[in-house]
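J.: Please read through the structure below; I'll follow up with questions.
Residue numbers (UniProt numbering): 1 to 133.
Below is the structure:
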């Protein structure tokens with residue numbers, strides 16, 4: 001059957017290996033995704049790459065079905081969620097980003113390792129009454 005759809009996209013994944021059934025019923029990801037369209041060709045306006053990154057650590061939640069329900073034991077489930085969040089943060093949260101090139105170019109390293117326009121250095125000498133965020 002078709003999984004219900006409320007706000008967003010609902011996907012149901014089921015797999016079977018011999019008699020072992022595993023699956024994901026719903027997956028929830030909440031964050032702000034930044035899309036940046038890049039141009040490697042300066043003379044004409046042409047989008048040659050897409051840069052994707054999350055602005056902060058994401059909130060992830062998913063519901064498991066069949067045999068994978070065993071993973072929903074509180075300590076194990078939290079460890080699994082933490083692992084997914086850590087993995088996502090390692091690859092897609094600023095300063096890390098995913099770059100998808102639309103053309104083959106040696107200048108793609110220019111997007112992966114951009115030269116900074118300027119550098120701002122702040123030295124904090126003293127502070128008090130800081131608010132915990």
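Every residue gets a Cβ at the ideal spot worked out from N, C-alpha and C, and that includes glycine.
Buried or exposed for residue 54, please, with buried defined as at least 16 other CB atoms from any protein chain shown within 10 angstroms of its CB.
T.: With 16 or more Cβ atoms within 10 Å of its Cβ, residue 54 is classed as buried.
J.: Between the alpha carbons of residue 19 and residue 70, how many angstroms are there, rounded?
T.: Residue 19 and residue 70: Cα-Cα distance of roughly 16 Å.
J.: Would you list the residues sitting across from residue 53 in a DSSP beta bridge?
T.: 34.
J.: Note the first and the last residue of the continuous beta strand (DSSP E) segment covering residue 130.
T.: Run containing residue 130: none; DSSP gives neither H nor E here.
J.: Short of 7 Å in beta carbon distance, which residues of its chain neighbour residue 58, apart from the five on each side in sequence? Order them along the chain.
T.: So the list reads 29, 30, 31, 85, 88, once near-sequence residues are dropped.
J.: Use the C-beta contact count for residue 14: other C-beta atoms within 10 angstroms, 16 or more gives buried, fewer gives exposed.
T.: Exposed.
J.: State the DSSP-derived secondary structure class of residue 120, mapped to helix, strand or coil.
T.: Residue state, collapsed to three classes: coil.
J.: State the DSSP-derived secondary structure class of residue 81, mapped to helix, strand or coil.
T.: In this structure, residue 81 counts as helix in the three-state DSSP scheme.
J.: Looking at the secondary structure, which residues open and close the beta strand (DSSP E) in which residue 99 lies?
T.: Where residue 99 is concerned, the enclosing beta strand (DSSP E) stretches over 98 to 101.
J.: Which residue wins for smallest C-alpha separation from residue 34, given the options 52, 73, 130?
T.: Selected option, being the one with the closest Cα: 52.
J.: DSSP three-state label for residue 27, please.
T.: In this structure, residue 27 counts as strand in the three-state DSSP scheme.
J.: Look at the alpha carbon of residue 91 and the alpha carbon of residue 26, and state the distance between them as a whole number of angstroms.
T.: Looking at the two C-alpha atoms, the distance is approximately 23 Å.
J.: Could you spell out where the beta strand (DSSP E) holding residue 62 opens and where it closes?
T.: Here the beta strand (DSSP E) through residue 62 covers 59 to 66.
J.: From the DSSP output, in three-state form, read off residue 6 for me.
T.: Low per-residue confidence applies at residue 6: pLDDT is 46, beneath 50, and the placement is therefore not dependable, though the value from the model is reported in the following sentence. Coil, per DSSP.
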